[in-house]
Structures are given as C-alpha cells and as structure tokens.
Amino acid sequence: MKAVQITEAHHMEVLEMPEPALTHKNEVKIKIKNVGVCGTDMHIYHGTNPLATYPRIVGHEVAGEIVETGSGVENASVGDHVVVEPISYCGECYACKSGRPNVCKDLSVFGVHENGGMREFVVLPERQVHKINADIDWDEAVMAEPYTIGAQATWRGNVRTGQTVFIQGAGPIGITVLKMAKLRGATTIVSDLTNERLSFAEQNGADYTINPSEAETKDQIDEMTDGEGANVVIDAVGTPETFELSVDAASPAGTVVTLGFNATPSSIALMPITKKELTIAGSRLQTHQFEKVVGLINSKELTHDNLITHKFHIDHIQDAFQFIKDNPDKVRKAVVDFE
Ligand SMILES: [Zn+2]
Ligand SMILES: [Zn+2]
Numbered sequence: 000m001k002a003v004q005i006t007e008a009h010h011m012e013v014l015e016m017p018e019p020a021l022t023h024k025n026e027v028k029i030k031i032k033n034v035g036v037c038g039t040d041m042h043i044y045h046g047t048n049p050l051a052t053y054p055r056i057v058g059h060e061v062a063g064e065i066v067e068t069g070s071g072v073e074n075a076s077v078g079d080h081v082v083v084e085p086i087s088y089c090g091e092c093y094a095c096k097s098g099r100p101n102v103c104k105d106l107s108v109f110g111v112h113e114n115g116g117m118r119e120f121v122v123l124p125e126r127q128v129h130k131i132n133a134d135i136d137w138d139e140a141v142m143a144e145p146y147t148i149g150a151q152a153t154w155r156g157n158v159r160t161g162q163t164v165f166i167q168g169a170g171p172i173g174i175t176v177l178k179m180a181k182l183r184g185a186t187t188i189v190s191d192l193t194n195e196r197l198s199f200a201e202q203n204g205a206d207y208t209i210n211p212s213e214a215e216t217k218d219q220i221d222e223m224t225d226g227e228g229a230n231v232v233i234d235a236v237g238t239p240e241t242f243e244l245s246v247d248a249a250s251p252a253g254t255v256v257t258l259g260f261n262a263t264p265s266s267i268a269l270m271p272i273t274k275k276e277l278t279i280a281g282s283r284l285q286t287h288q289f290e291k292v293v294g295l296i297n298s299k300e301l302t303h304d305n306l307i308t309h310k311f312h313i314d315h316i317q318d319a320f321q322f323i324k325d326n327p328d329k330v331r332k333a334v335v336d337f338e
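Now the structure itself:
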C-alpha cells in the first residue's frame with residue numbers, strides 16, 4: 000500500500016509498504032477514503048512542530064471504511080463508514096481520571112507522535128473509531144475531527160444561548176469554532192485581517208465581523224455589546240497580542256479560551272482578570288466531542304459549506320503540500336483523496 004511519510008523536515012516520500020495487520024482482538028482495519036490536510040501536517044513537513052518526531056506518516060483528519068474486525072470488536076462491523084479519533088492515552092493519570100484524556104501525561108496523537116492516516120490502510124483500537132451514516136458524503140465525514148476542535152473550544156468556554164462570543168481568526172479553525180458557537184445559540188463576532196475570510200465567516204453565520212486593520216477592535220466590540228464586552232472570547236489566532244485583546248475584550252464574569260501554542264509571553268496584568276473575575280481556559284484537541292459532532296454530521300445540521308476548497312489525489316501529494324503552502328488565502332481546507 001501507499002503511505003505518505005515525512006522522512007525528516009522538508010522531505011516527503013510516498014512509500015510502498017505492507018498493509019498493517021490486526022495485532023489485538025479489539026482492533027479494526029480501515030481502508031482510508033480521504034484525509035484532511037491540517038496546519039499540523041504542514042508544520043511537521045516544514046520542521047516547525049516541536050512535538051513531532053521523524054520519520055512520520057502524517058494525517059489525523061481521517062475517514063474510511065472498516066474492512067476487517069478483531070474477534071473482540073463489539074460495536075463496529077465490516078462495511079461501516081467511520082472517522083478516527085486521533086488520540087490515545089493511559090487512562091490512569093489525573094487528567095484521564097478527570098475525564099480529560101486529551102491532556103493525558105502520556106498522550107499520543109495519531110499522525111504527530113505516532114504514524115497517522117495518510118496511507119491506504121490503518122489498524123486502530125475500536126475505541127478510536129466513530130461510525131458515520133453510510134449516506135453521508137466522505138467530504139462531510141472527513142471534517143469531523145476539525146469540528147471537534149471547535150466543539151472543544153466552545154465546550155471549554157461553556158458557550159450557550161444568549162451570550163455574545165468573540166472569535167479571533169476566521170481560518171479553518173475559527174470557522175469550526177463559529178459553526179459550533181452558532182449551533183449552541185450564541186451571537187457571534189468574528190475578527191480577521193482578511194476581508195475574504197470575513198465574508199466567508201458571514202456566510203457561516205457570523206453576526207458581526209471586524210477587520211482589525213480597518214477598525215479598533217475593542218471599540219467595535221464595546222459598541223456591539225453596549226459596553227459589556229464579549230461573554231466568551233475564543234482566540235483562534237494565538238499571538239501575545241490577540242491574547243491580550245482577549246482579556247481586554249471579555250465581559251465581567253466572562254471566559255477566555257486559548258487554542259494557540261505560541262511560547263512568547265504576553266504582558267497581561269492581574270487586575271482585569273481579578274476585577275472581571277475572568278475564567279481563562281486552554282483548549283487542546285478534544286475530549287468526548289466526537290459523539291456530538293458525528294451526531295450533528297449524521298443529522299446534516301453540520302455541513303462544510305465550501306470550507307473544503309481543494310481536493311488532491313494521493314498520487315499528487317507533493318504538489319498538494321506545495322500548493323497549500325503557496326496559497327494560504329485560497330486554500331481553506333484541502334482534502335487528499337485515496338480512491
Ligand atoms: Zn487538524
Ligand atoms: Zn492519562
């Protein structure tokens with residue numbers, strides 16, 4: 000079978016390798032249909048993901064069909080359409096026992112710390128697959144993992160009806176956050192430096208948009224919220240500046256959710272956090288969000304609506320990665336097709 004391996008930073012190969020075999024009775028073998036290309040994959044390719052090790056088969060946004068099941072598999076069958084939950088964890092540490100295995104001390108992410116799904120077949124434990132209805136288009140199914148990122152961020156922010164939610168960044172992650180915030184009934188404000196991205200956010204339900212290069216963001220938020228501020232701020236940009244703005248733009252009793260991995264310190268005083276009694280919540284990957292997201296995909300309440308802009312065949316993977324790198328404004332989400 001074919002597999003896309005990043006052998007070291009800046010080097011990609013399409014390998015010919017044996018198909019994986021089941022090694023435990025709780026495993027399933029999946030024939031991959033399509034795989035989304037994420038910023039994480041690009042960072043691993045370009046050597047800018049500090050968590051990745053090489054060589055690595057990338058890909059963690061995966062949809063496929065089960066072709067074999069182990070003798071102990073109970074809830075999956077050959078022929079099932081599935082999406083992959085890309086985390087594995089110890090189940091024993093404090094985080095795992097607190098229901099937050101996404102931050103397990105021994106967390107392993109499919110396609111980052113271990114080989115991922117950009118190959119024709121994978122074998123995984125049954126607990127890492129979630130069944131998608133057979134009538135759902137593969138391009139809708141493959142968006143499940145990106146939506147779980149938005150589902151997690153809105154869960155961490157406890158987003159609900161009646162709130163105003165300010166989302167910084169209208170890239171693919173910002174859009175998944177927006178879609179989930181709208182499904183939770185919030186009024187949404189989205190900021191981005193690109194007007195084309197802002198108009199796409201409007202098509203996806205953004206109630207207000209702000210381009211920080213054209214207007215002072217904090218003033219705009221105050222105006223839109225009658226001076227109250229945003230009840231939840233979700234930072235899908237992740238710079239020291241956007242984090243500072245998040246704390247500034249949050250309302251009293253509000254919540255700030257961070258998604259970025261930027262290691263540069265921000266200068267934020269204690270005062271606004273204590274005075275407004277803010278909750279600052281990190282949001283990483285997802286925990287227990289697949290059930291909900293898959294339900295919304297199966298009921299067609301969650302559809303990609305042109306979030307997928309480009310498709311590439313596995314045979315053109317090198318060109319795909321180059322195109323995505325060279326065209327950040329054209330490519331929202333690109334998908335690699337294995338058929
Ligand atoms: Zn991703
Ligand atoms: Zn653990």
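Numbering that gives the first Met the number 0 applies: residue 0 is where the sequence shown begins, and numbers increase by one.
Virtual Cβ for every residue (Gly too), placed ideally from N, Cα, C.
Could you please give the first and the last residue of the uninterrupted alpha helix (DSSP H) stretch that includes residue i?
{"i": "Val72", "result": "Val72 -> no alpha helix (DSSP H), and no H or E assigned at all."}
{"i": "Gln151", "result": "143-155"}
{"i": "Asn194", "result": "194-202"}
{"i": "Gly38", "result": "38-44"}
{"i": "Thr175", "result": "171-182"}
{"i": "Ala133", "result": "That residue, Ala133, is in no alpha helix (DSSP H); it is neither H nor E in DSSP."}
{"i": "Gly294", "result": "289-297"}
{"i": "Thr273", "result": "269-274"}
{"i": "Lys96", "result": "93-96"}
Rounding to the nearest angstrom, what Cα-Cα distance links residue i and residue j in this structure?
{"i": "Met11", "j": "Ile5", "result": "4 Å"}
{"i": "Arg126", "j": "Pro19", "result": "18 Å"}
{"i": "Val102", "j": "His45", "result": "25 Å"}
{"i": "Thr263", "j": "Pro239", "result": "7 Å"}
{"i": "Ala280", "j": "Trp154", "result": "10 Å"}
{"i": "Asn261", "j": "Gly237", "result": "6 Å"}
{"i": "Gly69", "j": "Asn230", "result": "48 Å"}
{"i": "Phe322", "j": "Val334", "result": "12 Å"}
{"i": "Met270", "j": "Pro251", "result": "12 Å"}
{"i": "Cys95", "j": "Gln288", "result": "15 Å"}
{"i": "Gly90", "j": "Asn194", "result": "44 Å"}
{"i": "Val121", "j": "Ala214", "result": "48 Å"}
{"i": "Ile313", "j": "Ile209", "result": "38 Å"}
{"i": "Gly204", "j": "Leu21", "result": "44 Å"}
{"i": "Ala8", "j": "Lys310", "result": "24 Å"}
{"i": "Asp218", "j": "Ala235", "result": "20 Å"}
{"i": "Tyr146", "j": "Gly110", "result": "17 Å"}
{"i": "Lys24", "j": "Glu67", "result": "11 Å"}
{"i": "Val128", "j": "Val81", "result": "6 Å"}
{"i": "Thr160", "j": "Thr187", "result": "11 Å"}
{"i": "Glu119", "j": "Val3", "result": "9 Å"}
{"i": "Ser350", "j": "Ile56", "result": "Coverage of the chain is limited to positions 0 through 338, which leaves residue 350 absent and any answer about it impossible."}
{"i": "Leu295", "j": "Gly38", "result": "24 Å"}
{"i": "Ala140", "j": "Ala268", "result": "43 Å"}
{"i": "Val13", "j": "Asp79", "result": "27 Å"}
Since residue i is in the beta strand (DSSP E), which residue starts that stretch and which ends it?
{"i": "Phe322", "result": "No beta strand (DSSP E) contains Phe322, which is instead part of the alpha helix (DSSP H) from 316-325."}
{"i": "Tyr88", "result": "Tyr88 -> no beta strand (DSSP E), and no H or E assigned at all."}
{"i": "Lys332", "result": "332-336"}
{"i": "Pro251", "result": "249-257"}
{"i": "Gln219", "result": "Where Gln219 is concerned, there is no enclosing beta strand (DSSP E), although the alpha helix (DSSP H) it sits in stretches over 216-223."}
Let's test the definition: count the other Cβ atoms within 10 Å of the Cβ of residue i and tell me whether it reaches 16, buried, or not, exposed.
{"i": "Gln285", "result": "buried"}
{"i": "Lys299", "result": "exposed"}
{"i": "Leu277", "result": "buried"}
{"i": "Leu106", "result": "buried"}
{"i": "Asp191", "result": "buried"}
{"i": "Val77", "result": "exposed"}
{"i": "Lys274", "result": "exposed"}
{"i": "Gly98", "result": "exposed"}
{"i": "Ser212", "result": "exposed"}
{"i": "Ser87", "result": "buried"}
{"i": "Pro85", "result": "buried"}
{"i": "Glu113", "result": "exposed"}
{"i": "Asn305", "result": "exposed"}
{"i": "Lys32", "result": "buried"}
{"i": "Ser266", "result": "exposed"}
{"i": "Gly71", "result": "exposed"}
{"i": "Ala180", "result": "buried"}
{"i": "Met117", "result": "buried"}
{"i": "Lys28", "result": "buried"}
For residue i, which residues does DSSP report across the bridge?
{"i": "His10", "result": "Glu7"}
{"i": "Tyr207", "result": "Ile188"}
{"i": "Arg55", "result": "Ile5"}
{"i": "Glu280", "result": "Correcting the residue identity first, residue 280 is Ala in this sequence and not Glu. In DSSP, Ala280 forms a bridge with Val256."}
{"i": "Pro124", "result": "Glu26"}
{"i": "Gln167", "result": "Ser190, Asp234"}
{"i": "His309", "result": "Ala333"}
{"i": "Gly35", "result": "Glu60, Val334"}
{"i": "Ser107", "result": "Ser87"}
{"i": "Val81", "result": "Gly63, Lys130"}
At the 7 Å Cβ level, is residue i part of the contact set with chain B, yes or no?
{"i": "His112", "result": "As a matter of chain content, chain B is missing from the structure shown, which is built from one protein chain."}
Review point. In chain order, what residues have a CB nearer than 5 Å to some heavy atom of ligand 2?
Key: Tyr88, Cys89, Cys92, Cys95, Cys103
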